[in-house]
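Inspection log for the structure reproduced underneath, given as structure tokens.
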Amino acid sequence: MISENLTKIKSRIKKAVENSPQTDKNVTLVAVSKTFPSSSIREAYQAGQKIFGENKVQEALDKIDECKDLLAAEFHMIGHLQSNKVKYIPGVFKLIHSVDRKSLVKEMNKRFQREGVVQDILVQVNLAHEEQKGGIIPEKLDDLLEYILTSDSLNLRGFMFMPPLQENPEDNRYLFAKMYELFAHYKDQFEKSGMEGFDTLSMGMSADFETAVEEGSNMVRVGSKIFGKRNYKR
261 MISENLTKIK SRIKKAVENS PQTDKNVTLV AVSKTFPSSS IREAYQAGQK
311 IFGENKVQEA LDKIDECKDL LAAEFHMIGH LQSNKVKYIP GVFKLIHSVD
361 RKSLVKEMNK RFQREGVVQD ILVQVNLAHE EQKGGIIPEK LDDLLEYILT
411 SDSLNLRGFM FMPPLQENPE DNRYLFAKMY ELFAHYKDQF EKSGMEGFDT
461 LSMGMSADFE TAVEEGSNMV RVGSKIFGKR NYKR
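Structure representation (structure tokens):
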């Protein structure tokens, strides 16, 4: 089932790229394996999927240990990251999607510097100003980015965005478009200043990844459409 689902998702991503005027031809698929067992990761890995997303540190550490023989697998942290969990993760995640505050940046830089690790990160942007969600609001983005750029152990790669929950993904199309504009603005500014590597816009999940790709996303986070219905009691 997982292999078939991956094939379908990749086909849908390809079609969405063709419908997008600005998306580059390489869209990275992050298979969101949170709450699913390591056996599901193994099945997806055997089907060719190499990038997996987790949202809780301890669950991720357990599964990464169980999958340490999958040498080409890489894991991303996509959920809210508490500062008191940072000490457990130097060198664990290829990419952290959810950086959104100075206190977290300070703790990450201190811990990663101590371990000699340079960590790739994305800044989570709360474009819709949702109080219940993580992410930095656009009005405070400049200040946070400047702080990150002074941190020797953090490598800023781009932005992550989670839109409001909608029954129809078309209702969020304008937000995806606005998020791409914001990303493109900063990418242009960084390139003009000689900074390289700001190249990732992570937006789009199982319910709306096609709309997100059509509006410029080059990294999507898909879980239930690959692994099946999620069991949150696990």
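Taking our numbering, the leading residue of the sequence shown gets 261, the next gets one more, and so forth. Heads up, the beta-carbon is just placed ideally off N, CA and C, and yes, glycines get one too.
| Item | Value |
| --- | --- |
| Measure the C-alpha to C-alpha separation of Arg494 and Asn369 and round it to an integer number of angstroms. | At Arg494, the pLDDT of 45 sits below 50, so the modelled position is not reliable; the number obtained from the coordinates is stated separately. Roughly 32 Å separates the two Cα atoms. |
| State the Cα-Cα distance for the pair Asn386 and Glu470, rounded to the nearest angstrom. | 20 Å |
| By the 10 Å Cβ neighbour count, where 16 or more other Cβ atoms means buried, how is Asp360 classified, buried or exposed? | buried |
| Write down the C-beta distance between Phe419 and Leu382 rounded to the nearest angstrom, noting that I regard them as a contact closer than 8 Å. | 6 Å |
| Considering only residues of the segment 301–363, which uninterrupted alpha helix (DSSP H) runs meet the minimum length of 4 residues and lie entirely inside it, listed in chain order? | 317–326 |
| Counting pairs of Cβ atoms below 8 Å between the segment 420–428 and the segment 401–412, do you hit three or more? | no |
| Roughly how many angstroms lie between the CA atoms of Lys489 and Lys452, to the nearest whole one? | 45 Å |
| If you count every other CB in all the chains shown that lies within 10 Å of the CB of Ala332, and 16 or more means buried, which is it? | exposed |
| Pick helix, strand or coil for Asp459, following the three-state DSSP scheme. | coil |
| Determine the closest residue to Asn428 out of Glu406, Glu319, Glu391, Ala472, with distance taken between C-alpha atoms. | Ala472 |
| Quick check on this structure: which residue in Lys362, Leu266, Lys485 has the alpha carbon closest to the alpha carbon of Leu414? | Lys362 |
| Within a Cβ cutoff of 6 Å, which residues of the same chain sit near Ser263, ignoring the five residues on either side of it in sequence? | Ala307 |
| Classify Ser271: buried if its beta carbon has 16 or more other beta carbons within 10 angstroms, exposed otherwise. | exposed |
| When DSSP labels each residue in this structure, what does Arg494 get in the three-state scheme? | Bear in mind that the predicted position of Arg494 carries a pLDDT of just 45, short of 50, making it too unreliable to give a figure here. |
| For Glu474, does the count of other Cβ atoms within 10 angstroms reach 16, so buried, or fall short, so exposed? | buried |
| Are the Cβ atoms of Lys354 and Glu334 separated by less than 8 Å? | yes |
| Per DSSP, Gly418 forms a beta bridge with which residues? | Leu382, Thr460 |
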